[in-house]
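Enquirer: Per our numbering, the very first residue in the sequence shown carries number -18; after that it's consecutive.
By construction, the Cβ of each residue, glycine as well, lies at the ideal position given by its N, Cα and C atoms.
Shown below is the structure under consideration.
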Amino acid sequence: MADVSAHSPEADGRWSASSLIYFAAYICTIINEVIHNTGLGDIANWLMLAFITLEYRKTEIIPKVMSTLLLAIGLLAASTLDMAWDNIWQGVSRTRVFLVLFGSVAWLAVPARESPSLRAIREMVLTQPPGRRFAYLGIAAHGLGLAFNLAGISLLSGMISDKHSPRLKRRLGRAMAHGFALVPCWSPFFVGAVVILAAWPEVKWSQIAPYGVCLAIILWSLSWAMDKLTNPPRPPSANAPVPAKVSGKAWLNTSVVLGCLFTAVILIVEGVDISIPIALGIVGPPLALIWRASFYAPSERRDQSIAFSRRTISGLKNIRSEILLFTAANTMGVGISGLIDPDLITTTVQSFDLAPLAMLLLLSFCYLTLAALGLHPVITIILLSQFLTAELMGISPTIMVLALLALWGLSTNLSPTSATSLYISRLTNESNLTVAWRWNAPFSYAAGIVISILGATLSYFGLM
């Protein structure tokens, strides 16, 4: 999955050609989605291709290798159908919405890092004593990830240091990864929600959000219980830190910002009938400017806002890895999907005559195992969208989409090439394979079983 916050969205304030191209594509995409102008969409596509060309050499090695491989497979598949160029064009077109999503998060990430209120909440989490750190850290990673993507858990990076034992690093790394992985269950701003709700547009976010909150709570309880079973509590230490206090004002300020963000986005989505990422792209920059300006005296706000805007636009070039990876993943997904015969797959699956529980278990196992082997979730969803229907699964569309959203988050934990695994790997100085397969696999597969059982139960009683 993407994580624009793995890089600092701010740079030195000097605008490069790549940064301006990204920003121009951002603006063109938003206007195109609002007024439905095909010409602007084509311009945005060409700008994205120019951005990828300029930034390819600067991309980190793992995303570069993965993207090149995915792109090659997609083009090879498309070439058999004499549609290689169309395949690239569709891949770029499908990635435009993510360009807007990543860009809007880059704007919001800066005031999120600098906010005195969020800093106080961060200190409260960091100073929790043993026995409570796992729960607090996971909940904080989940809460901050709701609005700020991986920028949220980057605010908690100080929780893990070289002074910690390998055992403690493992626990804290798992807490952050598991809490963050449950964000797709109900956050409309997460990449997984964008992909899945676009693939099954008959399901609206508002239909699944309440159930997603409950599912996130259940799965977090599972993670906490598994940690307690494998790591019995130790006697309290005399040197345990005293938890920092968070004022009511800090909680109120944070709630107001997040409330404004969610409310504005949902009102635009319902009023203008555009997708959530585009609405976030409209709301994100002005909200970030207002939020950050509130940190300064009135006489300083104008200069600070101008400098902030220049640095943020300058830093957009740092989202190169995400744009390249998502373009390649979409290109491969489109190419492979052209070779799939949906009717054949549907007939084959129906011939097994599996119950909803068995279908959900099969879906969970295949989804998670493909992620563990390094297949990007975007590709999995594109392929599944060619044939997967609620009727085939024997459940309602809302249950199917909720299961896919939850599995998306778990798959990012389980994939050694995901941004989450790579970030936790750097933070703990552990191999990304260790983080994905040893630390996260038990929880991911156990959670997949729980999701299947809950989905089948809801379907059986007609509760969703």
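1) Going by DSSP in three states, Trp272 sits in which element: helix, strand or coil?
2) Have a look at Leu395 and Tyr7 and give me their C-alpha separation to the nearest angstrom.
3) Apart from the five residues just before and just after Ser(-3), which ones in its own chain have a Cβ nearer than 8 Å to its Cβ?
4) Relative to the alpha-carbon of Pro165, which residue among Ile141, Leu196, Ala156 has its alpha-carbon at the smallest distance?
5) Give the C-beta separation of Val106 and Met140 to the nearest angstrom, bearing in mind that I take them to be a contact with Cβ-Cβ under 8 Å.
6) Just curious, the alpha helix (DSSP H) that Phe333 is in, first and last residue?
7) Would you give the residue range spanned by the alpha helix (DSSP H) that Met374 belongs to?
8) Starting from Arg419, follow the alpha helix (DSSP H) in both directions and report where the run begins and ends.
9) Between which two residues does the alpha helix (DSSP H) carrying Gln71 extend?
10) Taking Cβ positions, are Ser85 and Gly240 nearer each other than 7 Å?
11) Should the stretch 391 to 411 be called in touch with the stretch 346 to 356, which here means at least 3 C-beta pairs below 8 Å?
12) Among Ile54, Thr415, Arg273, which has the Cα closest to the Cα of Pro147?
13) Measure from the alpha carbon of Leu127 to the alpha carbon of each residue in Ala87, Phe171, Leu99, then state which is nearest.
14) Specify, as a first and last residue, the run of the alpha helix (DSSP H) that Asn299 falls within.
15) Is DSSP giving Phe289 helix, strand or coil here?
16) When burial is assigned at 16 or more other CB atoms within 10 Å of the CB, is Glu303 buried or exposed?
17) If distances are taken between C-alpha atoms only, which option among Ile54, Ser96, Val176, Ser433 comes closest to Lys230?
18) Starting from the C-beta of Ala269, find all residues in its chain whose C-beta is less than 6 Å away, skip the five residues before and the five after it, and write them out in chain order.
19) Where do the N-terminal and C-terminal ends of the alpha helix (DSSP H) with Val234 fall, by residue?
20) How far does the alpha helix (DSSP H) with Val184 in it reach, from first residue to last?
21) Less than 6 Å between C-beta atoms, sequence neighbours within five positions excluded: which residues of the same chain meet that for His451?
22) Between the C-alpha atoms of Phe115 and Ile199, what's the straight-line distance to the nearest angstrom?
23) Given a cut-off of 7 Å on the beta-carbon distance, is the pair Pro169 and Ile257 in contact?
24) Under DSSP, the alpha helix (DSSP H) around Leu464 begins and ends at which residues?
25) Would you mind working out which of Ala427, Ile326, Ser318 sits nearest Gly55, comparing C-alpha positions?
26) Just reading off the alpha helix (DSSP H) that Lys150 is part of, what are its end residues?
27) Is Tyr37 buried or exposed, if buried means 16 or more other CB atoms sit within 10 Å of its CB?
28) Looking only at C-alpha atoms, which of Glu14, Leu1, Thr10, Ile2 sits nearest to Ile255?
29) What three-state label does DSSP hand Val223 in the structure shown?
30) What is the DSSP secondary structure of Arg282, counted as helix, strand or coil?
31) Rounded to whole angstroms, what is the Cα-Cα separation between Thr438 and Ala336?
32) Would you please state the rounded distance, in angstroms, between the beta carbons of Phe161 and Thr401? I believe it to be under 8 Å.
33) List the endpoints of the continuous alpha helix (DSSP H) containing Arg114.
34) Could you pull out every residue in the same chain whose Cβ sits closer than 6 Å to the Cβ of Ala101, ignoring the five residues on either side in sequence?
35) Which same chain residues, not among the five before or five after Ala180, have their C-beta less than 8 Å away from its C-beta?
36) Within a Cβ cutoff of 7 Å, which residues of the same chain sit near Thr327, ignoring the five residues on either side of it in sequence?
Expert: Taking the geometry as given:
1) The three-state reading of DSSP puts Trp272 in helix, counting H, G and I together.
2) Going from the Cα of Leu395 to the Cα of Tyr7 covers about 31 Å.
3) Correct list, in chain order: Ser295, Lys298.
4) Taking only the C-alpha atoms, the option nearest Pro165 is Leu196.
5) 7 Å
6) Run containing Phe333: 323 to 333, per the alpha helix (DSSP H) assignment.
7) 371 to 374
8) Segment: none, Arg419 is in no alpha helix (DSSP H) and carries neither H nor E.
9) 65 to 95
10) no
11) yes
12) Thr415
13) Phe171
14) Element bounds for Asn299: n/a, residue is neither H nor E.
15) If DSSP states are grouped into helix, strand and coil, Phe289 belongs with the helices.
16) It counts as buried.
17) Ser96
18) The residues are Trp88, Leu89, Pro92.
19) For clarity, residue 234 is Asn in the given sequence; the question names Val instead. Run containing Asn234: 229 to 253, per the alpha helix (DSSP H) assignment.
20) Val184 -> no alpha helix (DSSP H), and no H or E assigned at all.
21) Residue numbering for the chain in the displayed model covers -18 to 445; residue 451 lies beyond these limits and cannot be assessed.
22) 16 Å
23) It is a contact, given that the beta carbons lie within the stated cut-off.
24) Outside the shown range of the chain (-18 to 445) lies residue 464, about which nothing can therefore be said.
25) Ser318
26) Its alpha helix (DSSP H) spans residues 147 to 162.
27) exposed
28) Glu14
29) coil
30) Helix, per DSSP.
31) 12 Å
32) 6 Å
33) 114 to 129
34) Val227, Ala231
35) Ile362, Ile363, Leu365, Ser366
36) Phe368, Leu373
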